[in-house]
Amino acid sequence: MKVAVIGANGQLGSDIVTEFQKVGEDAAELTHADVDISLLESMRNALGSIKPSVIVNAAAMHHVENCEKEPLRAYEVNALGARNLSIVARELDAKLVHVSTDYVFDGSKKKPYVESDPVAPLNVYGNTKLAGEAFIRGTAEKYFIVRTSALYGRNPCRAKGGKNFVDLMLKLAGERDELRVVDDEFVSPTSTAELAKQITELSRTDHYGLYHATAEGCCSWYEFAKTIFEVTNTKVNLKIASPNEFPAKVPRPKYSVLENAGLKKLGLNALSKWQEGLQAYLTAKGQHS
Ligand SMILES: NC(=O)c1ccc[n+]([C@@H]2O[C@H](COP(=O)([O-])OP(=O)(O)OC[C@H]3O[C@@H](n4cnc5c(N)ncnc54)[C@H](OP(=O)(O)O)[C@@H]3O)[C@@H](O)[C@H]2O)c1
């Protein structure tokens, strides 16, 4: 199976490349320097010469504030980019795996969202990713749309820059007397290593459709930070930030927990509890106490 991974040097894309290579697949790595998903001809040329049987799109414009400032560019990348890949995938008779987001929901459900739940994005990022999903459903034939949430991995998220949440908390714990973290926003922190494995496994099936793929269970950012410090035996004065201490510049869902209902129905769910994913991540980095 020949695979093309777009966004191959990103936080998730780099682990997807590794995972395909681990199972012996030939994975062509395409970065932003090689292709621009918002340009159909760019994708036609690049993918036409690789002739993959599987295209994985881990590329996106997903810095939420930047999307709000540049909505047209966000639409070009997240929506038209997905359309372009759908067109090329269909032309090449390739499977398309496209990564989407929990931000298609507004968070009002307060219970884990399943794939059939109504969507209601609160910001430009969520709207453009949702438009991307719609283009894929309408254009691609063999597709997997994989919605995920709150990623962290061995390589940094290029869009956000700097460290992921886990590494940032550990760094700040060494620098500050007190750390304050919000306790009113709930997510399922998901390890990119585990998600990459899930994507690889799913792409080898023909169970096409929309899937939620996050770690099992959920926590607030405060609970996540507390667990990071417990697992690494880090001594720190961790406090709950008061409401409005860190006002969001762009509206975001306060609760964006996803249930991997589709994967579980097929017996394909490979994602562990968020605490287990975190422990594996810290063990791999040699930071587990
Ligand atoms: N990070 C999260 O917490 C999170 C949560 C839910 C869903 N997601 C989704 O997960 C996916 C992967 O995210 P990530 O954390 O791995 O992000 P990342 O590290 O920022 O990687 C995104 C990649 O996309 C590339 N890219 C951006 N615009 C492009 C374009 N027009 N053409 C080609 N490549 C382009 C970037 O290259 P440059 O940096 O060189 O521009 C980068 O390599 C995205 O679809 C995102 O929406 C992420």
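Taken in order, the sequence shown gives residues 38 to 326; the numbers are from this note's numbering. Idealized CB from N, CA, C, for every residue including glycine.
- By the beta-carbon neighbour count (other beta carbons within 10 angstroms, threshold 16), D214 is exposed.
- Shown here, N192 sits in coil according to DSSP, grouped into three states, outside any helix or strand.
- Taking 8 Å as the cut-off, one finds at least one heavy atom of ligand 1 near enough to the beta carbon of L49.
- Exclusion of the five residues before and after L207 leaves no residue of its chain whose Cβ lies closer than 6 Å to its Cβ.
- In the DSSP assignment, C104 forms no beta bridge with any residue.
- In this structure, DSSP gives K59 a helical state, which the three-state scheme calls helix.
- Contact annotation: Y162 and M98 have beta-carbon atoms nearer than 9 Å.
- Residue state for L295 is assigned as strand, using DSSP reduced to three classes.
- Between the alpha carbons of I124 and G118 lies a gap of roughly 10 Å.
- Excluding five sequence positions before and after V72, the CB atoms of its chain that fall closer than 7 Å to its own CB belong to I43, S79, M80 and A83, given in chain order.
- When only Cα atoms are considered, A233 and L247 end up about 16 Å apart.
- Listed in chain order, the alpha helix (DSSP H) runs fully inside the stretch 130-205 are 161-176, counting runs of at least 4 residues.
- Secondary structure within the stretch 254-304: the beta strand (DSSP E) runs of 3 or more consecutive residues, fully enclosed, are 274-277 (chain order).
- Residue side-chain check: H244 keeps its Cβ at 8 Å or more from all non-hydrogen atoms of ligand 1.
- A distance below 6 Å between beta-carbons, with the five flanking residues on each side excluded, links R195 to the following residues of its chain, in chain order: G47.
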